[in-house]
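**Student:**
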Amino acid sequence: MTGAQAVVRSLELLGVEDVFGLPGGAILPLYDTLMDANELRHILVRHEQGAGHAAEGYAAASGRVGVCIATSGPGATNLVTAIADAYMDSVPMVAITGQVFSHLMGSDAFQEVDIVGITMPITKHSFLVKRSEDIPGALAAAYALASSGRPGPVLVDITKDAQEGELDFVWDPRVELPGYRPITKANSKQIQAAAELIGAAERPVFYVGGGVVRAGAAAELLQLAELVGAPVVTTLMARGAFPDSHPQHLGMPGMHGTVPAVLALQEADLLITLGARFDDRVTGKAALFAPEAKVIHADIDPAEIGKIRHADVPIVGDAGEVISDLIAAVSGAKRSHEFADIGPWWARLNELRERFPLGYQQTSDGLLSPQHVIQRIGELTGPEGVYVAGVGQHQMWAAQFIGYERPNAWANSGGAGTMGYAVPAAMGAKVAQPERVVWAIDGDGCFQMTNQELATCVVNDIPIKVAVINNSSLGMIRQWQTLIYDGRYSNSELNTGHGSARIPDFVKLGDAYGCLSIRVEQEDQVDEAIRLALETNDRPVLIEFVVSADAMVWPMVRQGTSNSDIQYALEHSPEWGEE
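Every letter in the sequence shown is one number past the one before it in the numbering used here, and letter 518, counting from 1, is 520.
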């Protein structure tokens, strides 16, 4: 067979069912072969960045490897943002790119770009394939790399002559990569040391990161947390790893976390850190973070342990296996001696929960409250839905005001903070989980970056729901400009409009793409519009919610400050805390 046929056959043997991509000259041999593929569904996107984010959304919703395809040059570079995004958030993804003929490489040939060199810092590995016979092995290795250890993106760049050349296809899924030996089983002595610290702690907190979701370890986490009885906080990437409704859950920590979650970490004497990386958005000023706490840090990536915060008990291993071992060790320790009393700790935390409930101020300009809109989307859809957010205020509100009861119900761009993530990622999530309701909760800024993928959704019968939270501005930028830059709104107004001048008119735009398109401006219209969206499954739905530009995300820890300085409202609005 040809090298291009070998690509298709390799993907089929790896169990890949769906790929997202866009053809071009250097990848045409593969696209010609895709016409004859029976087990592989190709979804033609309108922009390569959309293919990358769709592969991410597919992976985030299903736990399987997402696959995207692009041609050389600008096609490949358009994937870079999504590849970087996947790298930051540990998303298993394989990106396949075409490359110019091998004899032209290095000559500045038409659409030649060294995509292997460009992506080296943002992939687990980048392969350059110049020989047809190397294609099966490269793809098998890429898939294994992407899905094992700490998941992440892998690039396979294949020259055009390798795609056109012939080979005797040999499939050997056993992959031996020199130097790559992910450690999944933790050291037993470290597990025992962790159990002893847990037993002695008077103010312990489970600090849970996205690694628990990627490891599929939510059930084990629930068992361990209930065994220990300590409070749990779930980071932005871990929403759903522990049920929001559980009495031990304090919410999300960090810059826009709940007051109880933020102060629990700050006042703790032990952090039981599972699959989290002490990101600056969680810690605030790292030197002032959790000053009295000892740290148990479990992560599958040894490079993360000690990178930001010294670990008193470092544990390298898969989150599922580590937590299972901790359950056994803590159970044994409880039988042999009495654990410290954490009753006074819970009294303090429950006081914080009572004093500082998550809430929001009603708008004063007569426009919709964005928090109310997002909360109703979650309540009317329920925990079995999938919620995909862009980046900005709407992202934080979606993380705060939707109740997450299961892993893989929430997808967003955490580490890279990529505007434009929501629509294509929701598309990928819906392809992976067609039986679930999938919402893209987007801002008017984010939506304008990748809304062309609505065409992909319409043509391919992918009926996602899109909620555009339109405050006619780059909301998070505007919030910072209000709080930090004395209300100097430099280039944050988008003119998407609350009157006759709507640039663009999102309802007309949605109509042009073939979506059911609705504009909501009154509170009594919110539920009706959401219910109509939930009842409509023959095409995508776009709802524009016209919301107040003055709404802010609270609580907030200003960048570069201590988490102890968390603000729950503007200083001139102290009454919000009493409400």
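Glycine included, each C-beta is placed from N, C-alpha and C at the ideal position.
Here the structure is a predicted model, which means the values were calculated and not measured.
(1) Give me, in chain order, the residues of the same chain whose beta-carbon lies closer than 7 Å to that of Ala424; leave out the 5 immediate sequence neighbours on both sides.
(2) Three or more beta-carbon pairs under 8 Å between the segment 396–407 and the segment 355–373, yes or no?
(3) Following the continuous alpha helix (DSSP H) through Ala196, name the residue where it begins and the one where it ends.
(4) Looking at C-alpha atoms only, which residue of Gln435, Glu41, Ala514 and Leu179 is the closest neighbour of Asn453?
(5) State the DSSP-derived secondary structure class of Trp348, mapped to helix, strand or coil.
(6) Please state if the CB of Lys296 and the CB of Leu267 are separated by a distance shorter than 8 Å.
(7) Indicate whether Gly68 and Pro31 have their beta-carbon atoms separated by less than 8 Å.
(8) On the CB-based measure, 16 or more other CB atoms within 10 Å of its CB, does Asn410 come out buried or exposed?
(9) Within the same chain, show all residues whose beta-carbon is closer than 6 Å to that of Pro175, passing over the 5 residues directly before and after it, in chain order.
(10) Can you give the beta carbon distance from Gly100 to Ala8, rounded, assuming they're within the 8 Å contact cut?
(11) Roughly how many angstroms separate the alpha carbons of Glu168 and Val177, rounded to a whole number?
(12) Along the chain, where does the alpha helix (DSSP H) that runs through Tyr60 open and close?
(13) Please list the segments of the alpha helix (DSSP H) lying wholly inside the segment 369–395, counting only runs of 4 or more residues, in order along the chain.
(14) Check whether the segment 299–314 and the segment 224–243 touch, using three or more Cβ-Cβ pairs below 8 Å as the test.
(15) Quick one: is His299 buried, meaning 16 or more other Cβ sit within 10 Å of its Cβ, or exposed?
(16) Determine the closest residue to Val470 out of Gly512, Ala503 and Gln435, with distance taken between C-alpha atoms.
(17) Might you give, ordered along the chain, the residues of its own chain that have their beta carbon closer than 6 Å to the beta carbon of Ala6, omitting 5 neighbours on each side?
(18) Which residue marks the beginning of the alpha helix (DSSP H) containing Asp282, and which one marks its end?
(19) In the DSSP assignment, what residue or residues form a beta bridge with Glu168?
(20) With DSSP run on the structure shown, which of helix, strand or coil describes Met554?
(21) Hey, Pro138 and Ser338: beta-carbon distance below 8 Å or not?
(22) Less than 8 Å between C-beta atoms, sequence neighbours within five positions excluded: which residues of the same chain meet that for Val19?
(23) Suppose you measure from the CA of Val543 to the CA of Ser333; what does that come to, to the nearest Å?
(24) Thinking C-alpha only, which one of Trp173, Ala232, Ala418 and Glu228 is nearest Glu135?
(25) Within the same chain, show all residues whose beta-carbon is closer than 6 Å to that of Val440, passing over the 5 residues directly before and after it, in chain order.
(26) What three-state label does DSSP hand Asp444 in the structure shown?
(27) Mind checking whether Asp327 and Ile193 have CB atoms under 8 Å apart?
(28) Skipping 5 residues on each side, what residues in its chain have a beta carbon closer than 7 Å to that of Ala61?
(29) To the nearest angstrom, how far is it from the Cα of Met554 to the Cα of Gln395?
(30) What alpha helix (DSSP H) runs, 4 residues minimum, are completely inside the segment 70–156?
(31) On the premise that Val158 lies in contact with Val131, defined as a C-beta separation below 8 Å, what is that separation, rounded to the nearest angstrom?
(32) In whole angstroms, what is the alpha-carbon distance linking Gln481 and Arg133?
(33) Among residues of its own chain, excluding the 5 on either side of Glu523, which ones have a beta-carbon nearer than 6 Å to its beta-carbon?
(34) Just to confirm my understanding: we take Arg533, look at its own chain, exclude 5 residues before and 5 after, and list those with CB closer than 7 Å. What are they?
(35) Do you know offhand how far Ala270's Cα is from Ala434's?
(36) Under 8 Å, do Val468 and Val375 count as touching if we go by C-beta distance?
**Tutor:** Taking the geometry as given:
(1) The residue you call residue 424 lines up with position 422 of the sequence shown. Answer for Ala424: Val390, Ala391, Gly392, Ala442, Ile443, Asp444 and Cys448, listed in chain order.
(2) yes
(3) Counting from one through the sequence shown, the residue named residue 196 turns up at place 194. Ala196 -> alpha helix (DSSP H) spans Ser190 to Ala202.
(4) Position 451 of the sequence shown holds residue 453. For Asn453, the nearest C-alpha among the options comes from Ala514.
(5) One-based indexing of the sequence shown puts residue 348 at position 346. Correct three-state label for Trp348: helix.
(6) The residue given as residue 267 occupies position 265 in the sequence shown. The residue given as residue 296 occupies position 294 in the sequence shown. In this structure, Lys296 does not lie closer than 8 Å to Leu267 by Cβ.
(7) Position 66 of the sequence shown, counted from the first residue, corresponds to residue 68. Position 29 of the sequence shown, counted from the first residue, corresponds to residue 31. Contact: no.
(8) Here the question's residue 410 lines up with position 408 in the sequence shown. Classification of Asn410: buried, given that the 10 Å Cβ count is 16 or more.
(9) As a first step, residue 175 must be located in the sequence shown, where it is residue number 173. The residues are Ala142.
(10) By one-based count along the sequence shown, residue 100 stands at place 98. By one-based count along the sequence shown, residue 8 stands at place 6. The Cβ separation is near 14 Å, so there is no contact.
(11) Reading the sequence shown from its first residue, position 166 is the one you call residue 168. Reading the sequence shown from its first residue, position 175 is the one you call residue 177. If you take the alpha carbons of Glu168 and Val177, they lie about 23 Å apart.
(12) Position 58 of the sequence shown, counted from the first residue, corresponds to residue 60. That run of the alpha helix (DSSP H) goes Glu50 to Ser64.
(13) 372–383
(14) no
(15) As a first step, residue 299 is located in the sequence shown; it is residue number 297 there, counting from the start. Buried: at least 16 other Cβ atoms inside 10 Å.
(16) Locating residue 470 in the sequence shown gives position 468, where the first residue counts as 1. When only C-alpha atoms are compared, the closest one is Gly512.
(17) Mapped onto the sequence shown, residue 6 falls at position 4. Closer than 6 Å at the Cβ level, and outside the excluded window around Ala6, lie Pro31, Leu32, Thr35 and Gln165.
(18) The residue labelled residue 282 in the question sits at position 280 within the sequence shown. That run of the alpha helix (DSSP H) goes Asp282 to Thr285.
(19) What you label residue 168 is simply residue 166 of the sequence shown in a count that begins at 1. Bridge partners of Glu168: Thr4.
(20) Here the question's residue 554 lines up with position 552 in the sequence shown. Coil.
(21) Position 136 of the sequence shown, counted from the start, is the residue given in the question as residue 138. Position 336 of the sequence shown, counted from the start, is the residue given in the question as residue 338. No, they are not a contact pair.
(22) Taking the sequence shown and counting its residues from 1, one reaches residue 19 at position 17. Note on identity: in this sequence residue 19 is Glu, with Val being the wrong assignment. Excluding sequence neighbours, Glu19 sits near Glu41, Leu42 and Arg43.
(23) The sequence position of residue 543 within the sequence shown is 541, counting from 1. The sequence position of residue 333 within the sequence shown is 331, counting from 1. Rounded to whole angstroms, Val543 to Ser333 spans 50 Å at the Cα level.
(24) Within the sequence shown, numbered from 1, the residue matching residue 135 stands at position 133. Among Trp173, Ala232, Ala418 and Glu228, the Cα nearest to that of Glu135 is on Trp173.
(25) Your numbering for residue 440 matches position 438 in the sequence shown. Excluding positions up to five away in sequence, the list reads Val388, Ala428, Ala431, Lys432 and Ile466.
(26) Counting from 1 along the sequence shown, the entry for residue 444 is found at position 442. It is a strand residue.
(27) Here residue 327 refers to the residue found at position 325 of the sequence shown. Here residue 193 refers to the residue found at position 191 of the sequence shown. The answer is yes: Cβ separation under 8 Å.
(28) Mapped onto the sequence shown, residue 61 falls at position 59. Around Ala61: Val67, Gly68, Val93, Pro94 and Met95.
(29) For the purposes of this step, residue 554 is taken as the residue at position 552 of the sequence shown. For the purposes of this step, residue 395 is taken as the residue at position 393 of the sequence shown. Each residue's Cα considered, the two are about 7 Å apart.
(30) 76–79, 82–90, 117–121 and 137–149
(31) Taking the first residue of the sequence shown as 1, we reach residue 131 at position 129. Taking the first residue of the sequence shown as 1, we reach residue 158 at position 156. That belief holds up - the Cβ atoms of Val131 and Val158 are roughly 6 Å apart, short of 8 Å.
(32) Here residue 481 refers to the residue found at position 479 of the sequence shown. Here residue 133 refers to the residue found at position 131 of the sequence shown. Between Gln481 and Arg133, the C-alpha separation is close to 53 Å.
(33) Translated into positions along the sequence shown, residue 523 becomes position 521. Val548.
(34) In the sequence shown, the residue the question calls residue 533 occupies position 531. Cβ neighbours of Arg533 beyond the five flanking positions: Leu382.
(35) Here residue 270 corresponds to residue number 268 of the sequence shown, with the count starting at 1. Here residue 434 corresponds to residue number 432 of the sequence shown, with the count starting at 1. If I take the Cα positions, the gap works out to 39 Å.
(36) Position 466 of the sequence shown holds residue 468. Position 373 of the sequence shown holds residue 375. Result no, Cβ atoms of Val468 and Val375 do not sit closer than 8 Å.
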